[in-house]
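**Q** Below is a structure I'd like to ask you about.
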Amino acid sequence: MSFLARLKPDPEGVLVQAASGILRSPRAAIAAFVCLALVLIALIGPFLAPQNPYDLASLDIMDARLAPGGESFDGHVYWLGTDGQGRDMLSAMIYGLRTSLGVGLLAGVVAMGVGTTLGLIAAYFGGRTDALIMRVVDLMLGFPTILVALMMLAVLGQGIGKVILALVIVQWAFFARAVRSAALVERGKEYVEAAICLGLSKPRILFGQLLPNCLPPLIVIATLQVASAIAAEATLSFLGIGLPITQPSLGLLIANGYQVLLAGLYWISVFPGVLLALLIFSINIVGDRLREVLNPRLEQR
Amino acid sequence: MTVFIIRRLMQALLVLFVTSLIVFLGVYAIGNPIDILVPDDATEMERQQAIHSLGLDRPLPVQYGTFLLHALHGDLGTSFVFNQPSISLILDRLPATLELAFVALFLAIVIGMPLGIIAGLKPGSRFDEGVMTTSILGFSLPNFWQGMMLIMIFSVWLGWLPSTGRGQMGSFLGIHSSLFTLDGLAHLILPAINLSLFKISLIIRLTRTGVRETMLLDFVKFARARGVPETRIVVVHVLKNILIPIVTVVGMEFGSIIAFAVVTETIFAWPGVGKLLIDAVMRLDRPVVVAYILVVVAMFITINFVVDLIYSLLDPRIRLGGAK
Numbered sequence: 041m042s043f044l045a046r047l048k049p050d051p052e053g054v055l056v057q058a059a060s061g062i063l064r065s066p067r068a069a070i071a072a073f074v075c076l077a078l079v080l081i082a083l084i085g086p087f088l089a090p091q092n093p094y095d096l097a098s099l100d101i102m103d104a105r106l107a108p109g110g111e112s113f114d115g116h117v118y119w120l121g122t123d124g125q126g127r128d129m130l131s132a133m134i135y136g137l138r139t140s141l142g143v144g145l146l147a148g149v150v151a152m153g154v155g156t157t158l159g160l161i162a163a164y165f166g167g168r169t170d171a172l173i174m175r176v177v178d179l180m181l182g183f184p185t186i187l188v189a190l191m192m193l194a195v196l197g198q199g200i201g202k203v204i205l206a207l208v209i210v211q212w213a214f215f216a217r218a219v220r221s222a223a224l225v226e227r228g229k230e231y232v233e234a235a236i237c238l239g240l241s242k243p244r245i246l247f248g249q250l251l252p253n254c255l256p257p258l259i260v261i262a263t264l265q266v267a268s269a270i271a272a273e274a275t276l277s278f279l280g281i282g283l284p285i286t287q288p289s290l291g292l293l294i295a296n297g298y299q300v301l302l303a304g305l306y307w308i309s310v311f312p313g314v315l316l317a318l319l320i321f322s323i324n325i326v327g328d329r330l331r332e333v334l335n336p337r338l339e340q341r
Numbered sequence: 305m306t307v308f309i310i311r312r313l314m315q316a317l318l319v320l321f322v323t324s325l326i327v328f329l330g331v332y333a334i335g336n337p338i339d340i341l342v343p344d345d346a347t348e349m350e351r352q353q354a355i356h357s358l359g360l361d362r363p364l365p366v367q368y369g370t371f372l373l374h375a376l377h378g379d380l381g382t383s384f385v386f387n388q389p390s391i392s393l394i395l396d397r398l399p400a401t402l403e404l405a406f407v408a409l410f411l412a413i414v415i416g417m418p419l420g421i422i423a424g425l426k427p428g429s430r431f432d433e434g435v436m437t438t439s440i441l442g443f444s445l446p447n448f449w450q451g452m453m454l455i456m457i458f459s460v461w462l463g464w465l466p467s468t469g470r471g472q473m474g475s476f477l478g479i480h481s482s483l484f485t486l487d488g489l490a491h492l493i494l495p496a497i498n499l500s501l502f503k504i505s506l507i508i509r510l511t512r513t514g515v516r517e518t519m520l521l522d523f524v525k526f527a528r529a530r531g532v533p534e535t536r537i538v539v540v541h542v543l544k545n546i547l548i549p550i551v552t553v554v555g556m557e558f559g560s561i562i563a564f565a566v567v568t569e570t571i572f573a574w575p576g577v578g579k580l581l582i583d584a585v586m587r588l589d590r591p592v593v594v595a596y597i598l599v600v601v602a603m604f605i606t607i608n609f610v611v612d613l614i615y616s617l618l619d620p621r622i623r624l625g626g627a628k
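Here the protein sequences line up with chains A and B, keeping their order.
Heads up, the first sequence is in our numbering, so the first residue is 41 and it goes up one at a time.
Heads up, the second sequence is in our numbering, so the first residue is 305 and it goes up one at a time.
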């Protein structure tokens, strides 16, 4: 196996290269820091939040629609104000961030699994298999993702599982296309031939040999697609066909506040909006930087 | 060429067929259609009658055949809410959406191209950096969020522009449109900007890359050597060369503008097909949902088909690749 290892480019080097590339650009480093901080906040959210926003017993309708910094009846200060149900906006946003990030990451990971597998299969086997898979990929990419997701949810109805399913269905094609083109290049290299000669099983060649060398484009696509999944989920939830009201994401919080925005109660929708924008924007900056560093010749979006 | 067209046409029909099958299965087979199609307060008798008259007691393939046959005759069911054929509801609302889409596309071109050209002529300048950073904002922030901010700033804080509805419509040469009255224009500005922001970013990037690459080519050097003024080089010679890819992308992006119109129309209460779709989903008005999906998919397939066709005329390599 040692001579096989020598023939292969070094996959671990990619991660080091990515990390150092991010650190070298101040803008990307700040964005990466913001991303990590937001993930951390989402992870330990329940301990940070001053209030459990979905424990109805702790809500008091008398506290509804307090402006930022407003004080409740029992002297508690709501730094970011309260919503129509007297819910602390800060707590609601922390819980919303958990939902948004969770849905985006889960959808991204599943789409990556499906897309990567199909992309590798298409590149490795070629011929009819390749033609069939790529035909479907072209078809999927011919429609805007938001439209397909919207149509699916219009037919299927709301629900967290359905939103994730819709996002996976619209996103796997991006991974499949990127992985296939990277794997096609690798397919012709000697180490793959060596692996075939050694009689390694096909899954081992695909995932053990080819996959590690397709990492650079995969990392870039994965980053950008998670951001786009979060944005898509927020859009769908804002339209009222995404997540149900019992699992509010940032998009749904914004939608709730949007109804009173025209009356001047800006904080209910603007604060979650700023948080959502910060999240998506920083992931995108990191993704853009990764694209520069790892330099896979990717198309926009 | 004929083979190419026929092949693409077959593909288009196949996609439409598959879509209709998926939509049919989604609406009529997975969910219990009778719950959707019959009002909640119907008696058991009425339910049975409805099941029979809708043919829901027949086998699934027969039902699909009937659905398809009706669809081919332009009958996509009757809206429960409006009690009108759903297809005519869609067609009634379509002009409002198209108006919004065309204005957005126009804005994207007249704002995006000059910015892209200036940024591309001086890469690395402060102007370039500023434009590019803003365009990342345009790319990455969700459409609805941008719309909300526009309303927040221009309607709530400044109070300059109305935020909902289509306003007064004027008529010119038999076309009814908000473009022909001042009130209508005022109502049109915010939604059109909202819808175009994303495309402005896209066009800026495309133009900038195009200008940067073209300015380095030999013919630009020769034009300079010949003493052609710099503005003429940019406006006539360079622009001509970067126009083809931009026009192609703009053609393809028109479909995605229609898609994003769903979001913009919902935010700005613009009475187009997108708002109709969301309202229909909320009111469980399934026939309208089905009609919207089939009409929009058909529209998309047509647009993609036409773009493919134009492309293959411009670039024969595409045709050869596609016919393989």
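Glycine included, each C-beta is placed from N, C-alpha and C at the ideal position.
Please read these numbers as outputs of a predicted model, since none were measured by experiment.
Smallest Cα separation from TYR231 (chain A): which of A:ALA218, A:SER221, A:ASN253?
**A** Translated into the one-based positions of the first sequence, residue 231 (chain A) becomes position 191. Nearest of A:ALA218, A:SER221, A:ASN253 to TYR231 (chain A), Cα basis: A:ASN253.
**Q** CB-CB under 7 Å to ALA527 (chain B), same chain, minus the five flanking residues each way: which ones, in chain order?
**A** Along the second sequence, read from residue 1 onward, the residue named residue 527 (chain B) stands at position 223. These residues qualify, in order along the chain: ILE537, HIS541.
**Q** Measure the beta-carbon distance from GLY434 (chain B) to ARG512 (chain B) and round it to whole angstroms, keeping in mind my assumption that it falls under 8 Å.
**A** Your numbering for residue 434 (chain B) matches position 130 in the second sequence. Your numbering for residue 512 (chain B) matches position 208 in the second sequence. So it is not a contact: roughly 12 Å between Cβ atoms.
**Q** Give a yes or no on whether the minimum CB-CB distance between PRO389 (chain B) and chain A is below 8 Å.
**A** Taking the second sequence and counting its residues from 1, the one referred to as residue 389 (chain B) is at position 85. It does not: the Cβ of PRO389 (chain B) has no partner Cβ on chain A nearer than 8 Å.
**Q** On the DSSP bridge list, what partners appear for ASP328 (chain A)?
**A** Mapped onto the first sequence, residue 328 (chain A) falls at position 288. DSSP output for ASP328 (chain A) lists no bridge partner at all.
**Q** In the region 369 to 440 of chain B, which residue ranges form an unbroken alpha helix (DSSP H) of at least 4 residues, counting only runs that do not cross its ends?
**A** 390 to 425
**Q** Does DSSP classify THR286 (chain A) as helix, strand or coil?
**A** As a working mapping, residue 286 (chain A) is identified with position 246 in the first sequence. Here THR286 (chain A) sits in coil by DSSP.
**Q** SER324 (chain B) by DSSP, collapsed to three states: which one?
**A** In the second sequence, counting from the first residue as 1, residue 324 (chain B) sits at position 20. Helix.
**Q** Report all residues from its chain with a CB closer than 6 Å to the CB of SER390 (chain B); omit the five preceding and five following residues, and keep chain order.
**A** As a working mapping, residue 390 (chain B) is identified with position 86 in the second sequence. If we look at SER390 (chain B) and ignore the five residues flanking it on each side, its Cβ neighbours are LEU380, GLY381, SER383, PRO591, VAL592, ALA595.
**Q** Is the CB of PHE278 (chain A) under 8 Å away from at least one CB in chain B?
**A** Taking the first residue of the first sequence as position 1, residue 278 (chain A) is located at position 238. Yes, because at least one Cβ of chain B sits closer than 8 Å to the Cβ of PHE278 (chain A).
**Q** Checking contacts by CB at 8 Å: is MET452 (chain B) closer than that to chain A?
**A** On the second sequence, position 148 is the one that residue 452 (chain B) refers to. Judged by the 8 Å Cβ criterion, MET452 (chain B) is in contact with chain A.
**Q** In three-state DSSP terms, what is THR468 (chain B)?
**A** For the purposes of this step, residue 468 (chain B) is taken as the residue at position 164 of the second sequence. Three-state result, THR468 (chain B): coil.
**Q** Quick one: what's got a C-beta closer than 7 Å to CYS262 (chain A)'s C-beta in the same chain, skipping five residues either side?
**A** The residue you call residue 262 (chain A) lines up with position 222 of the first sequence. Going by the sequence as given, residue 262 (chain A) is Ala instead of Cys. GLY148, MET152.
**Q** Which residue wins for smallest C-alpha separation from PRO284 (chain A), given the options A:SER140, A:PRO312, A:ARG331, A:VAL326?
**A** To locate residue 284 (chain A), count along the first sequence from 1; it is residue 244. PRO284 (chain A) has its Cα closest to that of A:SER140, out of A:SER140, A:PRO312, A:ARG331, A:VAL326.
**Q** Out of B:ILE607, B:GLY576, B:VAL601, state which residue places its alpha-carbon closest to the alpha-carbon of LEU393 (chain B).
**A** Counting from one through the second sequence, the residue named residue 393 (chain B) turns up at place 89. Among B:ILE607, B:GLY576, B:VAL601, the Cα nearest to that of LEU393 (chain B) belongs to B:GLY576.
**Q** In chain A, which residues lie less than 7 Å from ALA563 (chain B) when you measure between Cβ atoms?
**A** Taking the second sequence and counting its residues from 1, one reaches residue 563 (chain B) at position 259. Chain A residues near ALA563 (chain B): PRO184, ILE186, LEU187.
**Q** For the alpha helix (DSSP H) that ASN447 (chain B) lies in, which residues bound it at each end?
**A** Within the second sequence, the letter at position 143 stands for residue 447 (chain B). ASN447 (chain B) -> alpha helix (DSSP H) spans 447 to 454.
**Q** Would you kindly work out how many angstroms separate the C-alpha atoms of MET41 (chain A) and CYS237 (chain A), rounded to a whole number?
**A** Against the first sequence, residue 41 (chain A) aligns to sequence position 1. Against the first sequence, residue 237 (chain A) aligns to sequence position 197. Only weak support is given to the placement of MET41 (chain A): the predicted model assigns it a pLDDT of 47, under 50, and the value that follows is read from those uncertain coordinates. Each residue's alpha carbon lies about 12 Å from the other.
**Q** Pick out the complete alpha helix (DSSP H) segments inside the region 131 to 211 of chain A, 4 residues or longer, and give them in chain order.
**A** With a minimum length of 4 residues, the continuous alpha helix (DSSP H) runs that stay inside the region 131 to 211 of chain A are 167 to 181, 185 to 196.
**Q** Output yes or no for whether 8 Å exceeds the beta carbon distance between ILE571 (chain B) and PHE448 (chain B).
**A** Position 267 of the second sequence holds residue 571 (chain B). Position 144 of the second sequence holds residue 448 (chain B). Yes; because the gap between Cβ atoms is below 8 Å, this pair is in contact.
**Q** Let me know if THR535 (chain B) comes out buried or exposed under the rule of 16 or more other beta-carbons within 10 Å of its beta-carbon.
**A** Mapped onto the second sequence, residue 535 (chain B) falls at position 231. With fewer than 16 other CB atoms across the displayed protein chains lying within 10 angstroms of its CB, THR535 (chain B) is exposed.
**Q** State the Cα-Cα distance for the pair LEU617 (chain B) and MET180 (chain A), rounded to the nearest angstrom.
**A** As a first step, residue 617 (chain B) must be located in the second sequence, where it is residue number 313. As a first step, residue 180 (chain A) must be located in the first sequence, where it is residue number 140. One C-alpha to the other measures close to 24 Å.
**Q** DSSP on ASP589 (chain B), reduced to helix/strand/coil?
**A** On the second sequence, position 285 is the one that residue 589 (chain B) refers to. It is coil, neither helix nor strand.
**Q** Taking the straight line between their C-alpha atoms, what separation do you get for LEU425 (chain B) and ALA412 (chain B)?
**A** In the second sequence, the residue the question calls residue 425 (chain B) occupies position 121. In the second sequence, the residue the question calls residue 412 (chain B) occupies position 108. Going from the Cα of LEU425 (chain B) to the Cα of ALA412 (chain B) covers about 19 Å.
**Q** If you check the beta carbons only, do MET556 (chain B) and VAL600 (chain B) fall under 8 Å apart?
**A** Residue mapping note: residue 556 (chain B) aligns to position 252 of the second sequence, counting from 1. Residue mapping note: residue 600 (chain B) aligns to position 296 of the second sequence, counting from 1. No, Cβ-Cβ distance for MET556 (chain B) and VAL600 (chain B) is not below 8 Å.
**Q** On a Cα-Cα basis, can you pick out the residue from B:ILE508, B:ILE440, B:ALA529 that is closest to ARG329 (chain A)?
**A** The residue you call residue 329 (chain A) lines up with position 289 of the first sequence. Among B:ILE508, B:ILE440, B:ALA529, the Cα nearest to that of ARG329 (chain A) belongs to B:ILE440.
**Q** Under 6 Å Cβ to Cβ from VAL54 (chain A), same chain only, skipping five residues before and after it: list those, please.
**A** One-based indexing of the first sequence puts residue 54 (chain A) at position 14. Result list for VAL54 (chain A): LEU255, PRO256, in chain order.
**Q** Alpha helix (DSSP H) containing THR568 (chain B): first to last residue?
**A** Stepping through the second sequence from its first residue, residue 568 (chain B) is reached at position 264. Where THR568 (chain B) is concerned, the enclosing alpha helix (DSSP H) stretches over 543 to 572.
**Q** Flag PHE308 (chain B) as yes if its beta-carbon sits less than 8 Å from any beta-carbon of chain A, otherwise no.
**A** Against the second sequence, residue 308 (chain B) aligns to sequence position 4. Cβ-Cβ to chain A under 8 Å: no for PHE308 (chain B).
**Q** Need the endpoints of the alpha helix (DSSP H) that GLN265 (chain A) sits in, please.
**A** Here residue 265 (chain A) is taken as the residue at index 225 of the first sequence, counted from 1. Where GLN265 (chain A) is concerned, the enclosing alpha helix (DSSP H) stretches over 255 to 279.
**Q** From the DSSP output, in three-state form, read off THR511 (chain B) for me.
**A** Numbered from 1 along the second sequence, position 207 holds the residue referred to as residue 511 (chain B). Residue state, collapsed to three classes: helix.
**Q** Under a Cβ-count criterion, where at least 16 other Cβ atoms within 10 Å of its own Cβ denotes burial, should ASN456 (chain B) be classed as buried or exposed?
**A** Working through the second sequence from its first residue, we reach residue 456 (chain B) at position 152. The amino acid at residue 456 (chain B) is misidentified as Asn; the sequence shows Met. Its Cβ being crowded by 16 or more others within 10 Å, MET456 (chain B) is buried.
**Q** Starting from the Cα of MET129 (chain A), find the closest Cα among A:VAL177, A:LEU193, A:ALA234, A:ILE294 and give me that residue.
**A** To locate residue 129 (chain A), count along the first sequence from 1; it is residue 89. Per the Cα distances, A:ILE294.
**Q** Nearest-angstrom Cα distance between LEU510 (chain B) and ILE550 (chain B)?
**A** Here residue 510 (chain B) is taken as the residue at index 206 of the second sequence, counted from 1. Here residue 550 (chain B) is taken as the residue at index 246 of the second sequence, counted from 1. Their backbone Cα atoms lie some 7 Å apart in a straight line.
**Q** Taking contact to mean 3 or more Cβ pairs, one atom from each stretch, closer than 8 Å, check whether the region 208 to 226 of chain A and the region 161 to 168 of chain A are in contact.
**A** yes
**Q** For a test of the three-state rule: what should DSSP assign to ASP583 (chain B), helix, strand or coil?
**A** Numbered from its first residue, the second sequence carries residue 583 (chain B) at position 279. Residue state, collapsed to three classes: helix.
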